[in-house]
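Top to bottom, those sequences are chains H and V. With the first letter of the first sequence counted as 1, position 347 gets the number 347 in full-length UniProt numbering; the numbers rise by one all the way through. With the first letter of the second sequence counted as 1, position 223 gets the number 223 in full-length UniProt numbering; the numbers rise by one all the way through. Heads up, the beta-carbon is just placed ideally off N, CA and C, and yes, glycines get one too. Here the structure is a predicted model, which is why all the values come from computation and not from measurement. As structure tokens, the structure follows; a few thoughts come after it.
There are 2 protein chains.
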Amino acid sequence: MHIELKRGSRTKLYIQIALTLADRIRSGLIEPGTRLPSVRKLTSDLGVSLVTVSKAYAELEAIQLITCSQGKGCYVRGVQESERSGNIDKMYPVQGNGEKNTPWNWQMALVDYLPRAQLWRHFDTSPQVRYELHMSAIQPELLPTREIIESAYRLSSDHPERMAAYGSFQGDRELRQTFADHFAERGSQVMPERMLITSGTQQGIDLVARTFVGPGDVVYMEAPTYTGAIDVFTSRGAKIITVPMDDEGMRIDLLTRLCDTHPPKLIYTIPTFHNPTGITMSAQRRAQLLNLAQSYHCLILEDDPFSDLYFRAPPPASIKSMDLTGHVVYLKTFSKVLSPGCRVACAIADGSVLTRLVAAKSTADLGSPLLTQKALQSFIQHQYSAYIRQLRDELYTRLSAASAVLEAHAPPGMFWVLPDGGLNLWLQLPDGIDMRELHRHALAAGVSFLPGSACYVGEPDTSNLRICFTVTDMERLCEGLRVLCNVIANEAPLKGGAAADRLPLI
Amino acid sequence: MHIELKRGSRTKLYIQIALTLADRIRSGLIEPGTRLPSVRKLTSDLGVSLVTVSKAYAELEAIQLITCSQGKGCYVRGVQESERSGNIDKMYPVQGNGEKNTPWNWQMALVDYLPRAQLWRHFDTSPQVRYELHMSAIQPELLPTREIIESAYRLSSDHPERMAAYGSFQGDRELRQTFADHFAERGSQVMPERMLITSGTQQGIDLVARTFVGPGDVVYMEAPTYTGAIDVFTSRGAKIITVPMDDEGMRIDLLTRLCDTHPPKLIYTIPTFHNPTGITMSAQRRAQLLNLAQSYHCLILEDDPFSDLYFRAPPPASIKSMDLTGHVVYLKTFSKVLSPGCRVACAIADGSVLTRLVAAKSTADLGSPLLTQKALQSFIQHQYSAYIRQLRDELYTRLSAASAVLEAHAPPGMFWVLPDGGLNLWLQLPDGIDMRELHRHALAAGVSFLPGSACYVGEPDTSNLRICFTVTDMERLCEGLRVLCNVIANEAPLKGGAAADRLPLI
Chain H
1 MHIELKRGSR TKLYIQIALT LADRIRSGLI EPGTRLPSVR KLTSDLGVSL VTVSKAYAEL
61 EAIQLITCSQ GKGCYVRGVQ ESERSGNIDK MYPVQGNGEK NTPWNWQMAL VDYLPRAQLW
121 RHFDTSPQVR YELHMSAIQP ELLPTREIIE SAYRLSSDHP ERMAAYGSFQ GDRELRQTFA
181 DHFAERGSQV MPERMLITSG TQQGIDLVAR TFVGPGDVVY MEAPTYTGAI DVFTSRGAKI
241 ITVPMDDEGM RIDLLTRLCD THPPKLIYTI PTFHNPTGIT MSAQRRAQLL NLAQSYHCLI
301 LEDDPFSDLY FRAPPPASIK SMDLTGHVVY LKTFSKVLSP GCRVACAIAD GSVLTRLVAA
361 KSTADLGSPL LTQKALQSFI QHQYSAYIRQ LRDELYTRLS AASAVLEAHA PPGMFWVLPD
421 GGLNLWLQLP DGIDMRELHR HALAAGVSFL PGSACYVGEP DTSNLRICFT VTDMERLCEG
481 LRVLCNVIAN EAPLKGGAAA DRLPLI
Chain V
1 MHIELKRGSR TKLYIQIALT LADRIRSGLI EPGTRLPSVR KLTSDLGVSL VTVSKAYAEL
61 EAIQLITCSQ GKGCYVRGVQ ESERSGNIDK MYPVQGNGEK NTPWNWQMAL VDYLPRAQLW
121 RHFDTSPQVR YELHMSAIQP ELLPTREIIE SAYRLSSDHP ERMAAYGSFQ GDRELRQTFA
181 DHFAERGSQV MPERMLITSG TQQGIDLVAR TFVGPGDVVY MEAPTYTGAI DVFTSRGAKI
241 ITVPMDDEGM RIDLLTRLCD THPPKLIYTI PTFHNPTGIT MSAQRRAQLL NLAQSYHCLI
301 LEDDPFSDLY FRAPPPASIK SMDLTGHVVY LKTFSKVLSP GCRVACAIAD GSVLTRLVAA
361 KSTADLGSPL LTQKALQSFI QHQYSAYIRQ LRDELYTRLS AASAVLEAHA PPGMFWVLPD
421 GGLNLWLQLP DGIDMRELHR HALAAGVSFL PGSACYVGEP DTSNLRICFT VTDMERLCEG
481 LRVLCNVIAN EAPLKGGAAA DRLPLI
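Next comes the structure, spelled out in structure tokens:
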């Protein structure tokens, strides 16, 4: 465990320690039943006072993440099995509340640089979930998988020798040309030379972060935002500052003021059908944001998973399309709408920012597999436009159905705004609901959702949650939402709220 | 550019600055023709004295990486076109010796965390190279590409819906079971639960580094070693200490002494048919190394690309096979011997080390593509063993042929040891050859090789080079080696050796 303490920071040391440990425990990186280092040991490891560590442990105990007892030490509390992530095969079951008895207990002391992995925790589904609404994806039956497999087969069996060689670090030239044609049809001239193929946008975010963000660098993000991006920037030791949104997207006025005192290194945004809120940034704000980046000589990381999935009018032009000075790195996934299993996305950047990203890609994995790149090429060339028109209609039908169920069954005090595109619906719940309990009860009732806290840095208590209205079939979507509304209605408001009040920072 | 200065280090500040800049220039991350920041600017950025920066620039000028002139500033020297890496499409040609005139000149001042990318620089081939000997790979015609494509097609078209979903972060369960069976046939019991599928071993190295190695952490490596691993650990800010080898591999006696003063966080090794030297670590040394790791509670990263490619007897058992305490992360690529374009490798680890690696994989790219994982599965199940027997014979035939050419044509003073397996041959050249000139002349004559300096931290002048005897067909291999021997024979020993003597550290 690596706890980086910022002495002289406004955040007290014991809070820093508690925050770091809380992030890890909540991410599942420190497992239930694990014994934490003794107060004396941590005191000496970190070079702080006994009181500081004791107070940190007391905070963690107050918010019920650990239990301490005289003489026995502090243990991470057990999590209900239903809350456990199913995302790694277990060889050694956790034994009750005690330590696991394995030959690798020494590993607990092995310092790592992985402060948070909420995406990892929230990704998979436990088998008891019948109504899977937590993952932002498209129902597999709607995807053109058979066509993609056929076209991958045709292209690869025509030129098997090409599949045998390493691909280019920058990505297959023909696929980049295909993407260039795709963008040209939509009014953007993007040369294939400006592109880098990545393994999904997750890798795009990670490459930008590992190349341009280091400890203490200031990164601005919308609040809330994409869980996986928070994980990435946190792992780089960035100083993350979040900016509230209104119905035109990120509050550029607030951002501008914040930048005065904390000049940005990078601004991460999902301007179109924002994840999780669904909000679209107005054209004016996009221009303002670009201006700001130019005056601060910082980068904008524009993440665009959804712009093809609009239900009414096409969204405003991307920030990248206005960028003549190389300040924007634009990320566009093709895998989400075609084949998540293929992991193919495209980054567009200019000048030495692109060069450095290609070099980083070579260090990360020597370039993406050629087979999956070839798999998408022919489909995007010939069938994408027709396919996406149909898909939009289908997704809009789902949204309308979801909306009808919510209108009919949502308990009083619940609010939502129907998005103009994308896959997600962001629900504001009645005040005073214990979200942890709600999550547990919903899973027990067979419905999964993404707790809003996962979309915030520091995972504060929030009364939001995200559901995806496109990941299951229509029937399960409606039934699942009905069940969810019931669970919410039955959830008693939190009494006293001791934990929530004690340590608002965590 | 991010220059991390260690004040109080034994290495003087001006040397630290010069080393960092030299790494970047040699990697191509600062391009020829680029104007370096003025002495005054860098002085203020780094908070050092004018004299320090001036001395750093003087050193870089002395080793002919930059040219400075009164009033005009310092520029990165041009590199012969033949030496340029062909690994990124260029949109804006470098204009003579001047600055490039682009709208993104501001990017030069954008700090990054990418100190070195030698792998990126040395990977691709310029079109003039007829005899490609630099890349460690197997000739595409020898690989079972058609069979792999067919089996990928069969498996994926039987279950198209599976291809449509995100895979598991840890990797496809069936593929891991296939690997488990593969290891079991070779005498190792490895449960699928202990495996993580990565996109090539390059990603495996990177995941281990990003999870467990941070600034100042001590990493031991063999000298020389795999270029891509040096790039990764350098990018994490590790304190890399290299350990010489003899014919039994890494000198554990020296390592033990070094560990007394610099306790290890991680030891990276390629124990079997080591890259680039071909040396195999003895069974005794393997056991000693594991002992050492256990006593220091550090990790061993065992990189095993070649153990199936032995020419005589099978190599000693892996270090991982002796590891009962979870100290070893073992990396085995299947993509090098089957399909480099598929990028499928396997990491084996235990306990929370594995858990943390899976979480890091989720942050890095949400898991490897399912299509490529499925592509290899059936071939490994049914055909791998027969295929690899044949491949070994073929590779050994190549090695014998290469050996015969070298015996006949190598100039006096050239030495090599024939490896017992793997793909590489490490040549020791006569003293006093200017390797940079040799490389330029060899490329001009149509032969590529990997300069030995790329396999060392800090890229010292060395008189070694690596060739791969398996990447071209037999005829080109022999012809290419004859041409290379000629070029070496014609290369006059370096006169004076001013550059080499001036700054041995760089």
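Helix, strand or coil at Pro140/H according to DSSP, with G and I counted as helix: As a position in the first sequence, residue 140/H is number 140, starting the count at 1. Helix at Pro140/H.
Residues of the segment 162-173 of chain V whose Cβ lies closer than 9 Å to any Cβ of chain H, in chain order: With the criterion set as a beta carbon lying under 9 Å from some beta carbon of chain H, the members of the segment 162-173 of chain V are Arg162, Met163, Ala164, Ala165, Tyr166, Gly167, Ser168, Phe169, Gln170, Arg173, in sequence order.
Mind checking if Met322/V is an interface residue toward chain H, Cβ cutoff 8 Å exclusive? Stepping through the second sequence from its first residue, residue 322/V is reached at position 322. With 8 Å as the cut-off, Met322/V does not count as an interface residue toward chain H.
Could you give the C-beta distance for Thr145/V and Gln381/V, rounded to a whole number, given that I count them as a contact under 8 Å? Along the second sequence, one-based indexing puts residue 145/V at 145. Along the second sequence, one-based indexing puts residue 381/V at 381. About 17 Å; that fails the 8 Å criterion.
Could you pull the DSSP bridge partners for Ser362/V from this structure? Along the second sequence, one-based indexing puts residue 362/V at 362. Answer is none; Ser362/V lacks a bridge partner.
Leaving out five residues before and five after residue 527/H in sequence, what residues of the same chain have Cβ atoms less than 8 Å from its Cβ? The question about residue 527/H has no answer here: the residues shown for chain H are numbered 1 through 506.
Taking a cut of 8 Å between CB atoms, which residues from the segment 357-388 of chain V lie near chain H? Against chain H - using a Cβ distance shorter than 8 Å - the residues of the segment 357-388 of chain V are Val358, Ala359, Ala360, Ser362, Thr363, Ala364, Asp365, Leu366, Gly367, Ser368, Pro369, Leu370, Leu371, Thr372, Ala375.
Mind checking the segment 332-348 of chain H against chain V and listing, in chain order, the residues whose C-beta falls within less than 7 Å of any C-beta there? Of all residues in the segment 332-348 of chain H, Ser339, Pro340, Gly341, Cys342, Arg343 have a Cβ within less than 7 Å of some Cβ in chain V.
Where do the N-terminal and C-terminal ends of the alpha helix (DSSP H) with Glu394/V fall, by residue? Locating residue 394/V in the second sequence gives position 394, counting from the first residue. Segment 384-409, the alpha helix (DSSP H) holding Glu394/V.
Please state whether DSSP places Tyr456/V in a helix, a strand or coil. Reading the second sequence from its first residue, position 456 is the one you call residue 456/V. Here Tyr456/V sits in coil by DSSP.
Chain-ordered neighbours of Thr325/V on chain H, where CB pairs are closer than 8 Å: Start at 1 with the first residue of the second sequence, and residue 325/V comes out as number 325. Ordered by position in chain H, the residues that pass the 8 Å Cβ test against Thr325/V are Pro103, Trp104, Trp106.
Cutting at 7 Å between CB atoms, please list the residues of its own chain near Ala401/H, excluding the five before and the five after it. For the purposes of this step, residue 401/H is taken as residue 401 along the first sequence, with counting starting at 1. Excluding residues within five positions, the ones whose Cβ falls inside 7 Å are Met474, Leu477, Cys478.
For Lys12/V, the nearest candidate out of Trp426/V, Ile25/V, Val53/V (CA to CA): Sequence index remark: in the second sequence, residue 12/V carries index 12 (1-based). Measuring from the Cα of Lys12/V, the nearest candidate turns out to be Val53/V.
Under the rule that 16 or more other beta-carbon atoms within 10 Å means buried, what is Asp253/H, buried or exposed? Working through the first sequence from its first residue, we reach residue 253/H at position 253. Exposed, because fewer than 16 other Cβ atoms sit within 10 Å of the Cβ of Asp253/H.
Contacts that His2/H makes with chain V (C-beta to C-beta distance below 7 Å): Translated into the one-based positions of the first sequence, residue 2/H becomes position 2. What His2/H touches in chain V: Gly214.
Got a sec, what are the start and stop residues for the alpha helix (DSSP H) Gln203/H sits in? Stepping through the first sequence from its first residue, residue 203/H is reached at position 203. Per DSSP, the unbroken alpha helix (DSSP H) holding Gln203/H starts and ends at 200-212.
Using a Cβ-Cβ distance under 8 Å, would Pro32/V count as near chain H? Numbered from its first residue, the second sequence carries residue 32/V at position 32. Answer no: the Cβ-Cβ gap between Pro32/V and chain H never drops below 8 Å.
Just how far apart, CA to CA, sit Ala283/V and Thr242/H? Position 283 of the second sequence, counted from the first residue, corresponds to residue 283/V. Position 242 of the first sequence, counted from the first residue, corresponds to residue 242/H. Cα to Cα, Ala283/V sits roughly 54 Å from Thr242/H.
Would DSSP call Trp104/H helix, strand or coil? Counted from its first residue, the first sequence places residue 104/H at position 104. Coil at Trp104/H, not helix or strand.
Is it the case that the Cβ atoms of Glu4/V and Gly237/V are separated by a distance below 8 Å? Indexing the second sequence from 1 puts residue 4/V at position 4. Indexing the second sequence from 1 puts residue 237/V at position 237. In contact: Glu4/V and Gly237/V (Cβ atoms closer than 8 Å).
Compute the Euclidean distance between the alpha carbons of Cys259/H and Arg286/H, then round it to the nearest angstrom. For the purposes of this step, residue 259/H is taken as residue 259 along the first sequence, with counting starting at 1. For the purposes of this step, residue 286/H is taken as residue 286 along the first sequence, with counting starting at 1. A direct Cα-Cα distance of roughly 17 Å separates Cys259/H from Arg286/H.
To which residues of the same chain is Val213/V closer than 7 Å at the C-beta, ignoring the five residues directly before and after it? Sequence index remark: in the second sequence, residue 213/V carries index 213 (1-based). A distance below 7 Å between beta-carbons, with the five flanking residues on each side excluded, links Val213/V to the following residues of its chain, in chain order: Val219, Phe233, Arg236, Ala238, Lys265, Leu266.
Which same chain residues end up closer than 8 Å to Pro430/V when comparing Cβ atoms and leaving out the 5 residues on each side of it in sequence? Within the second sequence, residue 430/V is the residue found at index 430, counting from 1. Scanning its chain for C-beta atoms nearer than 8 Å, with the 5 sequence neighbours on each side dropped, one finds around Pro430/V the residues Pro411, Pro412, Gly413, Met414, Ser463, Ile488, Pro493, in chain order.
According to DSSP, is Ser44/H helix, strand or coil? In the first sequence, the residue the question calls residue 44/H occupies position 44. In the structure shown, the three-state DSSP call for Ser44/H is helix.
For the candidate residues Leu338/V, Ser368/V, Gly341/V, Gln70/V, whose alpha-carbon lies nearest to that of Ala347/V? Numbered from its first residue, the second sequence carries residue 347/V at position 347. The shortest C-alpha separation from Ala347/V is found at Ser368/V.
Where Glu437/H falls: helix, strand or coil (DSSP): Numbered from its first residue, the first sequence carries residue 437/H at position 437. For Glu437/H, the secondary structure class from DSSP, reduced to helix, strand or coil, is helix.
Gln64/V to Leu19/V span [Cα, whole Å]: Along the second sequence, one-based indexing puts residue 64/V at 64. Along the second sequence, one-based indexing puts residue 19/V at 19. Near 13 Å, if we compare the C-alpha coordinates of Leu19/V and Gln64/V.
Identity of the residue in Ser448/H, Arg482/H, Gly458/H, Phe469/H nearest Pro127/H by Cα: Position 127 of the first sequence, counted from the start, is the residue given in the question as residue 127/H. When only C-alpha atoms are compared, the closest one is Ser448/H.
Whose Cβ in chain H lies nearer than 7 Å to the Cβ of Leu114/V? Position 114 of the second sequence, counted from the first residue, corresponds to residue 114/V. The answer, in chain order, is Thr211, Arg356, Ala359, Ala360.
When the Cα atoms are used, what is the spatial distance from Lys332/H to Glu459/H? On the first sequence, position 332 is the one that residue 332/H refers to. On the first sequence, position 459 is the one that residue 459/H refers to. Their Cα atoms are separated by approximately 27 Å.
On the CB-based measure, 16 or more other CB atoms within 10 Å of its CB, does Gly351/V come out buried or exposed? Working through the second sequence from its first residue, we reach residue 351/V at position 351. Per the 10 Å Cβ criterion, buried.
Output the distance between the C-alpha atoms of Gln377/H and Ser151/H, rounded to the nearest integer angstrom. Along the first sequence, read from residue 1 onward, the residue named residue 377/H stands at position 377. Along the first sequence, read from residue 1 onward, the residue named residue 151/H stands at position 151. When only Cα atoms are considered, Gln377/H and Ser151/H end up about 8 Å apart.
For the alpha helix (DSSP H) containing residue 520/H, list its first residue and its last residue. This structure leaves residue 520/H out entirely; chain H is present only between 1 and 506.
Applying a beta-carbon distance threshold of less than 9 Å, which residues of chain V neighbour Gln390/H? Mapped onto the first sequence, residue 390/H falls at position 390. The contacting residues do not exist; Gln390/H stays about 16 Å from chain V at best.
Looking only at C-alpha atoms, which of Ser385/V, Gly28/V, Glu61/V, Ile148/V sits nearest to Asp308/V? Residue mapping note: residue 308/V aligns to position 308 of the second sequence, counting from 1. Among Ser385/V, Gly28/V, Glu61/V, Ile148/V, the Cα nearest to that of Asp308/V is on Ser385/V.
Under a Cβ-count criterion, where at least 16 other Cβ atoms within 10 Å of its own Cβ denotes burial, should Glu437/V be classed as buried or exposed? Here residue 437/V corresponds to residue number 437 of the second sequence, with the count starting at 1. Exposed, since its Cβ has fewer than 16 Cβ neighbours within 10 Å.
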